[in-house]
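Numbered according to the working numbering, the sequence shown terminates at residue 948, and the numbering increases by one at each position without gaps.
Beneath this line is the structure, given in structure tokens, with notes to follow.
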Amino acid sequence: MVSLIFTVLILPHFAMAQVAADSASAGVTYGNSAAGAYGASQDMQTANQTIQSITVNQKQSDATLSPIATANDVVTKMLDKLPDGETKNGLKEYVSILGAKEYGNAGAGGSNKGLVAYFNNRFSDQKNSCVRTAAISFYDEMAKTLEYEKKTKVIRPGISEVSGEGQFKNLAPGWVWKLALKHAKGDPNSAMFLIGICGNDDTGHGQLSYQDSSQEALDQLRLRKQDYLTTKRDLEKRIQELSKNADVNQQEIYDTQKIAAEYGAAIHKLETENSITKNLSCPPQNSGFYAPQSLSKDADIPQSLKNEILETQKTVDGAKRTAGKYYHVYGSAFMACQLIQNGIGPTSASFIQQQAARVYRGVRMCESVRLLSASDDVEKTFKKYKVHSKPDLAMKVIEAIKSKKLDCEHIYNNKTGTYAEIPPECKIIYEAGYSPSMFTEVDGVGAEQIQKKLIGMGRNSDAASLYKSWYLGGGSIQGKKIPCSDIRMFGPNNLMKPDANFFDKLSKPDGWSDERYRAASQKLATWDNDFKWTIAQHKAGAEFAGKNCKKRAPGEKPLKGICPEGPPDGEAQVDLYSKRNGSAPSPIKSTEGTR
354 MVSLIFTVLI
364 LPHFAMAQVA
374 ADSASAGVTY
384 GNSAAGAYGA
394 SQDMQTANQT
404 IQSITVNQKQ
414 SDATLSPIAT
424 ANDVVTKMLD
434 KLPDGETKNG
444 LKEYVSILGA
454 KEYGNAGAGG
464 SNKGLVAYFN
474 NRFSDQKNSC
484 VRTAAISFYD
494 EMAKTLEYEK
504 KTKVIRPGIS
514 EVSGEGQFKN
524 LAPGWVWKLA
534 LKHAKGDPNS
544 AMFLIGICGN
554 DDTGHGQLSY
564 QDSSQEALDQ
574 LRLRKQDYLT
584 TKRDLEKRIQ
594 ELSKNADVNQ
604 QEIYDTQKIA
614 AEYGAAIHKL
624 ETENSITKNL
634 SCPPQNSGFY
644 APQSLSKDAD
654 IPQSLKNEIL
664 ETQKTVDGAK
674 RTAGKYYHVY
684 GSAFMACQLI
694 QNGIGPTSAS
704 FIQQQAARVY
714 RGVRMCESVR
724 LLSASDDVEK
734 TFKKYKVHSK
744 PDLAMKVIEA
754 IKSKKLDCEH
764 IYNNKTGTYA
774 EIPPECKIIY
784 EAGYSPSMFT
794 EVDGVGAEQI
804 QKKLIGMGRN
814 SDAASLYKSW
824 YLGGGSIQGK
834 KIPCSDIRMF
844 GPNNLMKPDA
854 NFFDKLSKPD
864 GWSDERYRAA
874 SQKLATWDND
884 FKWTIAQHKA
894 GAEFAGKNCK
904 KRAPGEKPLK
914 GICPEGPPDG
924 EAQVDLYSKR
934 NGSAPSPIKS
944 TEGTR
């Protein structure tokens, strides 16, 4: 889950809708009076003017900033225009946690870089020993709970699997939440933080590093130094013995001296160290931690939607296992909890998270259909080789490579020292993950192997072409890149049955066979389901947070269940990790969480 609600498509409208409620607490009276209406309209006008001015000023930076980071700049400046109050504070905190500038041009694909950075910072900061202590304790007990799975689990939990049933029968629904509350001393906000550390992504958070300065760690450093000293003395003794022998190989003496010097350098380094780097390992993605309903029996998508997803994927891609991707539920629950504890109501928090899912999935979808930008080249290449599909084009390209009529490999110009542009027909080989040199051999790669792999690619490309014609999004407005959306304006009534009647068939592109049209439309249906799926997961997580997370009272610490003595106000706190390991506690100044 990467909550991208801060894009200009959504956040400005929500923020302004909340201004009236927050303004009352901030001492600004709008109410129902004419003056109040004027004030609210002025704020909306100011916000819109801000967006427009930033849009113009940032056209140059758009070339280097990712769409996510650019949108973040717009919204951050827009939020500064809002009246002070809970909505403003809550949304600014929300945007800060997302860390949009962590994302490159790849957008939200791959991992939740913003959230990963947020948790890494709070976990690894030496001042936040209370955070580490609770997290280590929580995930240590979780590892013991999941120990029995290691011998049997090799794949990610499926969408149809749930805690309390099947291979997860020993894990009752809600087991993760119960365990988190235990380690958060009953504080739901702290419990959600602990779950979010690893739960926000099942791949992006393999390990979290930290510096252990406990007495136990210092003892380990001392023993390591002693071992190195002993080894160094033995090496020096060996050098003396070798030097006494006139017949010894001088290279052996040199090599031994070199090793002894390396140990000396290591000893010197140890003398300056006062901590050991350790890692907290998150549960593997195939563990029961990511089994649906681990948060709660109700924190899951409806069974009817699961059936729809499975049936569509079975029709399009054949029967295969579908991962549950429960990290979307965890991530949304954590982000909604941040909103709720900062004063934004559960209903609004759920709305934000559902729209965040729509924007997130739109960014991911645009990445998946990136071939859209090259669709014109593809069509031209089809005409050049007189074919109508990528698999057929691949065969023509392979024949041209083998007959040396086409060179897809040697595109470097020795005279100019530059690379020539890759011919469009060559790109299909690279897209399939093959090297052109593979087809210059006598045997090479079999045609059937190539065709099988490219059939799916061709279908995806066709689906991308239909998306470009039927859906809103994927382009830009006033220089701003707009994510793809699930808003379909054209096309058949049912994507799974695109040729059900005469009017549906009118949406078929010229030159396409019925089979090609049907396959592309049905593939598009799976992308539509991805939107429904992620939105439903965000809703489930946010609604769970709405039932459990609590608004913080004035002066209440955000992580009081795991950091009762601070952070965030900078008070001295006890190094609980050292205390747990038997060493004398030492006061540490903390500023974590300071707003």
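Even for Gly, the Cβ is constructed at its ideal location relative to N, Cα and C.
Here Ile629 is bridged, per DSSP, to Asp565. Under the criterion of beta carbons closer than 8 Å, Lys631 and Tyr563 qualify as touching, at roughly 6 Å. Our two residues, Val712 and Ser838, have alpha carbons roughly 7 Å apart in a direct line. With a beta-carbon spacing of about 3 Å, Tyr683 and Gly552 fall inside the 8 Å limit used to define contacts. Within the same chain, Cβ atoms closer than 8 Å to the Cβ of Tyr581 are found at Tyr616, Ala619, Ile620, Leu623, the five residues on either side in sequence being excluded. For Gly844 against Ala652, the beta-carbon gap comes to about 34 Å, at or over 8 Å, which does not count as contact.
Taking the CA atoms as reference points, Leu819 sits about 41 Å from Pro526.
At a Cβ-Cβ threshold of 7 Å, Ser649 and Phe855 do not count as neighbours. Secondary structure of Ala487 (DSSP, three-state): helix. Put simply, the backbone Cα of Glu569 is about 28 Å away from that of Ala544. The secondary-structure analysis by DSSP pairs Gly826 across a beta bridge with Cys837. Considered as a whole, the stretch 615-703 harbours 629-634 as its complete beta strand (DSSP E) runs of no fewer than 3 residues, in chain order. In this model, Lys737 and Ile754 are separated by some 16 Å (Cα to Cα). Taking a 10 Å sphere around the C-beta of Ile915, we find 16 or more other C-beta atoms and assign the residue as buried. In the DSSP assignment, Gln560 is bridged to Ser634.
With respect to the 7 Å criterion, Ala817 and Lys876 are not classified as neighbours on the basis of their beta carbons. Shown here, Gly519 sits in a helix according to DSSP, grouped into three states. The beta carbon of Cys779 lies closer than 6 Å to those of Cys761 in the same chain, with the five residues before and after it left out. At the C-beta level, Leu588 and Ala614 stay beyond 7 Å of one another. Rounded to the nearest whole angstrom, the CA to CA distance from Val740 to Ala878 is 26 Å. Taking a cut-off of 8 Å for Cβ pairs, the stretch 530-538 and the stretch 595-602 do not touch, as fewer than three such pairs fall below it. The DSSP-derived three-state label of Gly511 is strand.
The distance from the Cβ of Asp852 to that of Asp863 is about 15 Å, inconsistent with a contact at the 8 Å cut-off.
If you draw a straight line from the Cα of Arg905 to the Cα of Arg674, it comes to about 42 Å. Collapsing the DSSP output to three states places Gly908 in coil. Judged by DSSP secondary structure, Cys761 falls outside any alpha helix (DSSP H); it is assigned neither H nor E. Nearest in C-alpha terms to Leu576, of all of Leu561, Glu594, Ile629, is Ile629. Per DSSP, reduced to three states, the secondary structure at Glu918 is coil, with no helix or strand assignment. In the three-state DSSP reduction, Lys497 falls in the helix class (H, G or I). In the assembly as shown, Ser814 is a buried residue. Its beta-carbon has 16 or more other beta-carbons within 10 Å. The C-beta separation of Lys913 from Asp540 comes to about 6 Å, placing the pair in contact by the 8 Å criterion. The Cβ atoms of Gly641 and Leu547 lie no closer than 7 Å to each other. Under the three-state reduction of DSSP, Phe856 is assigned to helix.
Excluding the 5 residues flanking it on each side, Thr583 has no same chain C-beta neighbour closer than 7 Å.
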